[in-house]
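Beneath this line is the structure, given in structure tokens, with notes to follow.
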Amino acid sequence: MDRRKIVPLLSPAILLIVLLLVPVFISQPYVLHVLIVMGINITLATSLRFIATVGQFSLAHAGMVSIGAYSSALLVIKLGLSFWAALPLAGLTAMSIAFLVGSPFVRLKGIYFTMVTLFLTEFITLLVTEWRNLTGGVQGIISIPRPNAIVLPGLLNLTFASKVDFYYLALAMVGFTLISLYAIESSRIGIAFSSVRQSEALAESIGVNSAGFRILAFSLGCFFAGIAGAFYGHYFSAIAPGSFGFLLSINVFIYMVVGGLRRFAGPIIGAIILTLIPELARAFKEYEPFVFAAILLVVIFFLREGLISLPVLFRKRRAPR
Amino acid sequence: MIEQNILNGLMSGWIYILVALGLTLVLSIVGIVQLAHGEVYMIGAYTVYCFCVVLGLNFFLSLLISILLVGLLGVVLERFFLRPFRDDVEGAIVSTIALILILQTAVVGIAGVGYKEIPSPIQGVLTILGARLSWERLIAILASMVLVSALLIFIEKTRTGQAMIAVSENREAAALQGINVNRVSSVAMFMGCGLAAAAGALTGAIFDLTPFMGGFALMKGIGVIIVGGLGSIPGAIIAGLILGLVDGVVTALFSVQVASITGLIVIILILLFRPQGLFGHG
Amino acid sequence: MMKRLSLISLMVMLVCGLTLSICAKESSAAPPTAETKTLKIGVMSNLTGPISTAAIPHTRGTQVAVDWINSKGGITIKGQKYLIEPVIEDVKETVDTAITAVTKLVELHKVKFAVGLIGPTQILPVTSLTEQAKVIRSLWHGEGHPKELSADTPYTFRVSVIPRDFIVPLLKYQVKTYPEVKKISMLFIENPGAAPLFERTKKVAEALGLTVLGLYVYPVSTRDFYPLVTKVMASNPDAIITDGLPHLAGGTLKAARELGFKGPIINLAPTCPNVVLKIAGKPFADNFIVGAPDVYSPKMTPMIKTVRTMLLDKYKEVTWDYIRGFDPTWWMIQAIEKAQSLDPTDVAKTWEKMDRIEATTGIGKMGGQQSYGINHVGVIPFAITRMVNGELEHVGWFTPDIP
Amino acid sequence: MATLQITGLTKYFGGLAAVHEIDFDVNRGELVGLIGPNGAGKTTMFSLITGSLRPTRGKVVFNGKDITGQKPHLIAKVGVVRTFQATTLFSQYTVLENVIAACHLESKISFWEAALHTPSSRRSEEAILSRASDIVHFVGLEACKDQPAGSLPHGYKRVLGIAVSMAAGPQLLLLDEPLSGMNVEEVDRTVALIKRIWERGTTILLIEHNMRAAMNLCQRIVVLQMGKKIAEGTPEMIKANREVIQAYLGSGKNAP
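Respectively, the protein sequence lines represent chains A, B, C and D.
Numbered according to the working numbering, the first sequence spans residues 8 to 328.
Numbered according to the working numbering, the second sequence spans residues 404 to 685.
Numbered according to the working numbering, the third sequence spans residues 804 to 1206.
Numbered according to the working numbering, the fourth sequence spans residues 8 to 263.
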């Protein structure tokens, strides 16, 4: 391999090493916890952006997280499946439901699609609240078992008793999500998505099946939402319908936009920063929402392209000199 | 009992209509789903509380003041938080969400989270063909009818009203005809927020006030405008009554939960099979 | 893309550093001095979102309890003086936010004693967390869920009266006051405790010779009670049993009276009667019985009067929700002082054996061995208040029997 | 023989007919013009042929295959590609990317191959890149191939529109007023371009207002008025046809 190939791979390699070593330097469980939550949010925000690349804004993510969380919890508790089997199944459940409801939904354009997804979330929440004998009603499901331990003698020993193990699981989840979504987006499928977003008429005139790609994007995005949901359930070991409402959908949406949804890295930055803000702003007690709102406004007014565009701006500043 | 249920339904229906009309005005003219509409409704209620209870003014006077003040607040909000995001969905969502947080937290800070109640302007209960109804509920229904007809007349009879229709049909074309779109937007927001404030105040006299009463109103409002059709006033009225009756009657026949599920199913079916709504065009 | 990746890596590192620094800053609170040390008490409170309506008053009650104890020079353990420092964390609305906040309290602030939490779905997940960490937690509130307080929760205590424990006195009083009432319907909030509460109430009611017509459950978000009450009245009961929060109870009462329901309405929840009265409005506030004290009544205990004035001075308003936040902290401090130790296990051992503890409502003791399988429930005198044509009447103090 | 056969094609909007009982053929390798005053239903015809509108009545047959009312992307796949009157482009893409996006229609790579970036998919990516740059070269946009399409001058946008449609590998190309809003030498260049495309063996049906251009480009011309076909024939015949002259004088513009 010549240098041109190696050099660009360097910074992600460094990043990976840093991330792998985090638990060595940071033993504080609370910090690890925040990082894990961050991982969940990154997964959600990135997958939501993936749906947005075909030009449709979904507020169904909370509903899909809920479906993922419940299906994996129920599969493990009621059917005694292993977490490692339940995790992908949860994703697939969310994906297939997204596909079924998505097929009629994608006919709806713009704000209509957003609205129907919003009500879809409401509907799912109501359903899991009322289907008591299966979902445990308002209380939801408590004491969801941890993931089954992975033990390779001498090599690694993940028992998921500590936050460290969950940190690595979250890291794996995020890695998997980012790599797959980036791979798809950078392939010709991504180009098709983007062409549908930019001009549906033109895309169809050159043979792009826009409806098909909308459904594809929606279901794939929801797959990862489902995965995140399953992780949520087994990490927090408790789920309740109230946790997956309108608010969650909106938060994920905000992570995406504040980070900047034109770039792949945008939602990642958004999720990282906005997961930290509430933690840092706890000191404000009742007035914490002000801080959050302030950040939203600053971004939306002065950084329309999202936080991700900050470095670009600086580069622009420096350019003339 | 059925007439009682229908009456219950009508009452909630009219409140939904007030909320939804405001929402649909803003949506069709400013072109934004004003997610903080629920908070405007809440602030309307608190303003009346302030004038009626704290300063001891007459209820109806305070209602009027509140409609005007909140309307003006609406104009300000439109200018600074909505207008910049006319043509981008995601920007509008984020800025209105920020508004929700700001308004809610502000009210928590000023009025506190404690329970507030606006005393009913006229005490007592009256019986209409076997169904019972408290005066403040009757007032809510009548006031809503008056406000809605006032709105209809305004839109039909005044030039601004016609301008609003023009803008809602096609903003660019309207602008070319020399209509001042910004002014029309301000007017729309003024009226929209005024209606929301009225709805909040009227419900405030019936129920209690909390800084978090907005979310409920918002969801109902969005539901109504979807069923009725974006930008359609008769649609909003019919849809509001439909959803109100669902809440009134289905609750009494089955349960609150079944009622809310039914409402959602209605909304989703409409979205799927008639996305432009019952009365929407195109 | 690679440029962007390197940017992210930078960001991530920066962010980690930031978090660390913040945590470092927060964990190093009020440095202990030679003569007095500080004892941190975790306060888990829903400071934002709808539940804050009930939780903020509880938080203020706790704050006043701490002020009051500190004003008396804090507590002395083995000759060492300690001032209490409340560490308030916002658990918000959902399970994850609750777990985040509690993790912070336990891991970062290293609190060994905590009070609080109201969010119905948050209580159980948080319990398992605090139990694992061996942190003593004094509940503000209870849903009456069987898992909430049991032999498996040696570090969790509850001293505030919840509906489940006050059914007997209330229904007995109802039977005495309204002998004509034979059939009752129940109208409960849809929360984890609803089903068990219904079962228990049914048992008690039938033991008292009442017929239970049915249970009607409504979501906590309900505002308009006309349809609901119309439905309940269709089953035509002589009395309606509710467990509502102030605004829900008030709404129910008002709707029922407007719709022409004459019979008594009994609210099992310790809901502030003054608020209910305000929301329902004088003309409708009749034949309403609630298991909670009228905090403004002259018949209140001296302690309640003291707390009342302290709260009024500090926050300009008082409801029962405020005063209710006082006892959980006060009891815990008493237990710590009695145990003369800061080790949760010792304190728990001592606390569950205490047979005389001061409460705002009078002298109480620990109980619940039989009914809960663990002696972690405060048995204290509690008030019944009745509304008769727009006036509050303090019926008296009743001590529930919690074997 | 006829590549495109249109028989009795009719479209009603509400009550009134936008297009009424139109039949005409386009033979393989022909360059046919579709002219007529504003509102004659020319663009509606394109929408009907390419499936973005469903006809009320009538048939569209392409290479003996009935494609009436099929989904636009399927019709494009069989080789019928249109351009748009408005400059419809992927405006966030550069010129080259626009063409690449269109080329992807050709590549026969499955979802998994693409997502997993298999060698075969990489190879096809490279093939596409070279093909795209060929097309950009062919239409003469090389100079600005890395400019975002949104920022191009109007004339270039139209040309890029044609390039995009070419990249989709059409057998029949439907050009909707390719010359509108162009200055003189742009018109000449574009006319030359269309000729070159045609000479490569692509059958072309084009709507044009600019009569002079239409006349010297097209072998055969179909004239529409008020949704009806009023004339068909060689440019000379059309020039002579009184009904056509009437129609244009009636509509008062672009008389031939």
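Ideal Cβ positions, reconstructed from N, Cα and C, are used throughout, including at glycine.
Since the model is a prediction, treat every value here as computed from it, not as a measurement.
Please identify, using Cβ separations under 7 Å, the residues of the stretch 574-606 of chain B that lie next to chain A, in order along the chain. If you check each beta-carbon in the stretch 574-606 of chain B against every beta-carbon of chain A, none falls closer than 7 Å.
Candidates A:A237, A:N48 and A:L99: which alpha carbon is nearest I84 (chain A)'s? If we check each option's Cα against that of I84 (chain A), A:A237 comes out closest.
Residues of chain C with CB closer than 8 Å to the CB of F243 (chain A), please, in chain order. V898, D899, I902 and P928
Integer Cβ distance of Y359 (chain B) from K623 (chain B), believed to fall under 8 Å: Because chain B in this structure spans residues 404 to 685, residue 359 (chain B) falls outside the shown range and cannot be described.
At the 8 Å Cβ level, is E765 (chain B) part of the contact set with chain A, yes or no? Nothing about residue 765 (chain B) can be read from this structure; chain B reaches only from 404 to 685.
Residues bridged to H1197 (chain C) by DSSP? C:T1188
Could you check what DSSP says for E239 (chain D) in three-state terms: helix, strand or coil? strand
Using a 10 Å radius around the Cβ and a threshold of 16 neighbouring Cβ atoms, would you call E1061 (chain C) buried or exposed? buried
Let me make sure I understand the geometry here. Which of D:S127, D:S131, D:N105 and D:N190 has the alpha-carbon closest to that of A175 (chain D)? Selected option, being the one with the closest Cα: D:N105.
Could one say the Cβ of I671 (chain B) lies closer than 8 Å to chain A's Cβ atoms, at least one of them? yes
Could you check whether I854 (chain C) and G945 (chain C) sit closer than 8 Å to each other, using their CB atoms as the reference points? no
DSSP on G683 (chain B), reduced to helix/strand/coil? coil
Just the Cα atoms here: how many angstroms apart are A105 (chain A) and F260 (chain A)? Roughly 18 Å separates the two Cα atoms.
Below 8 Å on the Cβ atoms is my guess for I500 (chain B) versus V473 (chain B); work out the distance and round it to an integer in Å. In this structure I500 (chain B) is not in contact with V473 (chain B), their Cβ atoms being roughly 20 Å apart against a cut-off of 8 Å.
Determine, for R328 (chain A), whether the minimum Cβ-Cβ distance to residues of chain D falls below 8 Å. Interpretation of R328 (chain A) is limited by its pLDDT of 42, a score under 50 that renders its predicted location unreliable; the figure taken from the coordinates is listed afterwards. No, its Cβ sits nowhere closer than 8 Å to a Cβ of chain D.
So for D870 (chain C), helix, strand or coil by DSSP? helix
For G1170 (chain C), I'd like the list of residues in its chain whose CB is within less than 7 Å of its CB, leaving aside the five on either flank, ordered along the chain. N1178, V1180, V1182, I1205 and P1206
Tell me whether the stretch 607-618 of chain B and the stretch 421-435 of chain B touch, counting them as touching only if at least three CB pairs, one residue from each stretch, are closer than 8 Å. no
Got a sec? Which residues, its chain only, sit under 7 Å from L672 (chain B) by beta carbon, not counting five neighbours each side? none
If you measure from the beta carbon of Q205 (chain A) to each beta carbon in chain D, is any gap under 8 Å? Closer than 8 Å to some Cβ of chain D, the Cβ of Q205 (chain A) qualifies, so yes.
Whose Cβ in chain B lies nearer than 7 Å to the Cβ of S1024 (chain C)? Per Cβ cutoff of 7 Å: F619.
Pull up the DSSP beta-bridge partners for Q12 (chain D), would you. D:D32 and D:V68
Option nearest A1142 (chain C) by Cα separation, candidates C:T879, C:T900 and C:K1168: C:T879
For the beta strand (DSSP E) that A917 (chain C) lies in, which residues bound it at each end? F916 to G919
Identify every residue that forms a DSSP beta bridge with N1070 (chain C). C:T1045 and C:V1093
Could you tell me if D153 (chain D) is buried or exposed, where buried requires 16 or more neighbouring beta carbons within 10 angstroms of its beta carbon? exposed
Can a CB atom of chain C be found closer than 8 Å to the CB of V516 (chain B)? True, the Cβ-Cβ gap to chain C drops below 8 Å.
The stretch 1030-1042 of chain C touching the stretch 980-996 of chain C, judged by at least three CB pairs closer than 8 Å: yes
Per DSSP, cross-strand counterpart(s) of Y885 (chain C): Residue pairing for Y885 (chain C): DSSP places it in a beta bridge opposite C:K840 and C:I878.
Short of 8 Å in beta carbon distance, which residues of its chain neighbour G240 (chain D), apart from the five on each side in sequence? Order them along the chain. R227, I228 and N248
To the nearest whole angstrom, what separates the beta carbons of Y239 (chain A) and V72 (chain A), a pair I think is in contact under 8 Å? 7 Å
Can you tell me the Cα-Cα spacing of A833 (chain C) and L26 (chain A), whole angstroms? A caution first: A833 (chain C) carries a pLDDT of 48, below 50, which makes its placement in the model too unreliable to give a value.
Give me whichever residues DSSP pairs with I246 (chain A) in a beta bridge. A:I148
Within 9 Å of chain D by C-beta, residues of the stretch 178-196 of chain A in sequence order: S187, A190, I191, S193, S194, R195 and I196
Given a cut-off of 8 Å, decide if L1145 (chain C) and L842 (chain C) are closer than it, judged by their beta-carbon atoms. yes
What number of angstroms, rounded off, separates the C-alpha of S831 (chain C) from the C-alpha of T903 (chain C)? Residue confidence is low: S831 (chain C) scores 40 on pLDDT, short of 50, so the model does not pin down where it sits. Its coordinate-derived value is still stated next. Using only the alpha carbons, I get a separation of about 19 Å.
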